[in-house]
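Notes for the one structure printed next.
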Amino acid sequence: MNALLSLIEWILLRLLGLLSPKITCSSPLPSVQVQAGRTSTLERLPVEVLLCIVSSLPTSSIACMSLTSKWHHEALFDQFDPKWRDDDTEKARFLRLLEEDFPEMIVCCACNILYRWKKSWRYRCPHHHKRHHTSLTGSSHWCFTNEPVVIYRNAVDAFLRGFAKGPRYGPQLEELNHAYKPNVSALFPEGLPEGLDIDKTTDARVVRGKLLLHSVHKLSVSLLAQPSTPQISRVDLSQIVADRLLPAIYKFDLQIGCVHTLSRVAAVILYLFRLRVGCDGDRARMTSLDLLSCGRCATDLRVRVALDCGGTCVQIEVEIWQSFGGRDPDNRNNAEDAHFSHEPVLKQPFDINHPPVRDLEKVFRGEVEENYTEMWSLNKYRRRLGWIQLWSWYYVPEMAQLRRYSVPCEDDWMPARSQDQALPLQW
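Numbering-wise, the sequence shown is residues -26 to -1, 1 to 401 according to mature numbering (1 follows the signal peptide of the UniProt record, and there is no 0).
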């Protein structure tokens, strides 16, 4: 706010010819801090001239100027609505300008208030329970300190502000960079491997003003009921899948990825396992699919499956990249906003018949310079797999069945046709 006032004064001095001729356009701007006892150049102008000058400024800047002194307040008070009843955009901009002078405060983009981010639970706005926050309710599960929780738009803003200005202004990305074993539990019948833990590592970066999160989930599953059991035979593979593998990979449907990948990752894992131990073709040590993209939000993932210990142990790895956007509205797209909404926010539905072109893995590594908001293209080469929406299966532990819930169809507005069909566990 002081910087805005100093800039306006500097412009006025240039216009009035009061600056020394030795000062050129390359000279630094005046200091942000106004010297004690010094009368502002703007205060020496008639009110009519001041109003003429500020008439070209947005109301948010006028409101900030009105707070710099009593004279400015009296002169400019009638030039804007102090309650901002008809202009939420300018109110948000006004609060962002105020935010610069208050490191302990941050703006909530949903209700346009300033709140103390350090005293707020996980940096959430204290009004998060109100109706205007329903469209921003978190739906993307991530790792925060030592447990999987829900990420909110407020947390993204807080981390981005802390990254840009330092620890006085917001939390640091180091809070997100760690490895641990989340306590992911599921309801299984007695005797199934409930104790298996998914190892998770998380890494956060800011790329071009956007918060990106990279997480790796690893799980090792023994296919032997007892350590002394002989090696797997092709005859009992179906029973092993039903008894050992399916209950384990079912955990990947719980709080991993985005809300749109639930009940999908496990199906991809099972498909890769089938390729790995299939009867036809050579068996590679590691089977991996091309990058899969979510057609609803900015989430990409890759699944890998490998056999170890003489084919008696399955190593599963799910790698996920997510982009949560930036603080400014012009630095976010609909796919990034979809992380924080239960309702679809994409204006145009993705075309399931064409492959995605977005690659958040390369964006995270800093290998993409151009705009990466485009999700799919008619002219790109069709990869083996593209959309995670092609997969939507769920497992019923009590019945030891894997059920397919959707298959592709030609309707772009409805990329998956729902059906309920039990799949035989025959290999």
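By construction, the Cβ of each residue, glycine as well, lies at the ideal position given by its N, Cα and C atoms.
Boundaries (first-last residue) of the alpha helix (DSSP H) holding L25: Position 51 of the sequence shown, counting from 1, holds the residue named residue 25. In the DSSP assignment, L25 falls within the unbroken alpha helix (DSSP H) covering V21 to V28.
Using a Cβ-Cβ cutoff of less than 7 Å, which residues in the same chain neighbour L69 once the five nearest sequence positions on both sides are dropped? Your numbering for residue 69 matches position 95 in the sequence shown. Contacts found: V81, N86 and L88.
Uninterrupted beta strand (DSSP E) stretches inside the region 57 to 82 (no shorter than 3 residues): Here the runs fully enclosed are 79 to 81.
Who are S194's beta bridge partners in DSSP? Working through the sequence shown from its first residue, we reach residue 194 at position 220. Paired residues: Q289.
Where Y126 sits in the DSSP three-state scheme: Here residue 126 refers to the residue found at position 152 of the sequence shown. Here Y126 carries a coil assignment [DSSP, helix/strand/coil].
Would you mind sorting C283 into buried or exposed? The rule is 16 or more other CB atoms within 10 Å of its CB. Stepping through the sequence shown from its first residue, residue 283 is reached at position 309. Flag for C283 reads exposed.
Is there contact here, the region 330 to 344 with the region 174 to 186, by at least three beta-carbon pairs under 8 Å? Touching, per the Cβ criterion.
By a C-beta neighbour count over all protein chains shown, 10 Å radius and 16 as the cutoff for buried, is E48 buried or exposed? Translated into positions along the sequence shown, residue 48 becomes position 74. With fewer than 16 Cβ atoms within 10 Å of its Cβ, E48 is classed as exposed.
What's the gap between the Cα of R278 and the Cα of T42? Working through the sequence shown from its first residue, we reach residue 278 at position 304. Working through the sequence shown from its first residue, we reach residue 42 at position 68. In this structure, the straight-line span from the alpha carbon of R278 to that of T42 is close to 59 Å.
Roughly how far, in whole angstroms, is the beta-carbon of P77 from the beta-carbon of R142, given that I think they are within contact range, below 8 Å? Residue 77 sits at position 103 when you count from the first residue of the sequence shown. Residue 142 sits at position 168 when you count from the first residue of the sequence shown. In this structure P77 touches R142 by the C-beta definition: roughly 4 Å separates them, less than 8 Å.
Taking the alpha carbon of R301 as the point to measure from, which residue in R127, E22 and S29 has its own alpha carbon closest? On the sequence shown, position 327 is the one that residue 301 refers to. For R301, the closest alpha carbon among the candidates R127, E22 and S29 is that of R127.
Is Y245 helix, strand or coil when you go by DSSP? Residue mapping note: residue 245 aligns to position 271 of the sequence shown, counting from 1. Secondary structure at Y245: helix, using DSSP grouped into helix, strand and coil.
Give every residue of the same chain whose Cβ lies closer than 6 Å to the Cβ of S196, excluding the five residues on either side of it in the sequence, and list them in chain order. Along the sequence shown, one-based indexing puts residue 196 at 222. Hits under 6 Å: C287.
Assigned exposure category for E341 - 16 Cβ within 10 Å defines buried: Looking up residue 341 in the sequence shown gives position 367. Its Cβ having fewer than 16 others within 10 Å, E341 is exposed.
Taking only the alpha-carbon atoms, compute the straight-line gap between Q146 and R250 and give it to the nearest angstrom. As a first step, residue 146 must be located in the sequence shown, where it is residue number 172. As a first step, residue 250 must be located in the sequence shown, where it is residue number 276. Their backbone Cα atoms lie some 41 Å apart in a straight line.
From P265 to S35, what distance separates their C-alpha atoms? In the sequence shown, residue 265 corresponds to position 291, counting from 1. In the sequence shown, residue 35 corresponds to position 61, counting from 1. Note on residue identity: the sequence assigns Leu, not Pro, to residue 265. Their backbone Cα atoms lie some 45 Å apart in a straight line.
From E291 to E148, what does the alpha carbon distance come to, in whole angstroms? Here residue 291 refers to the residue found at position 317 of the sequence shown. Here residue 148 refers to the residue found at position 174 of the sequence shown. Answer to the nearest angstrom: the Cα atoms are 23 Å apart.
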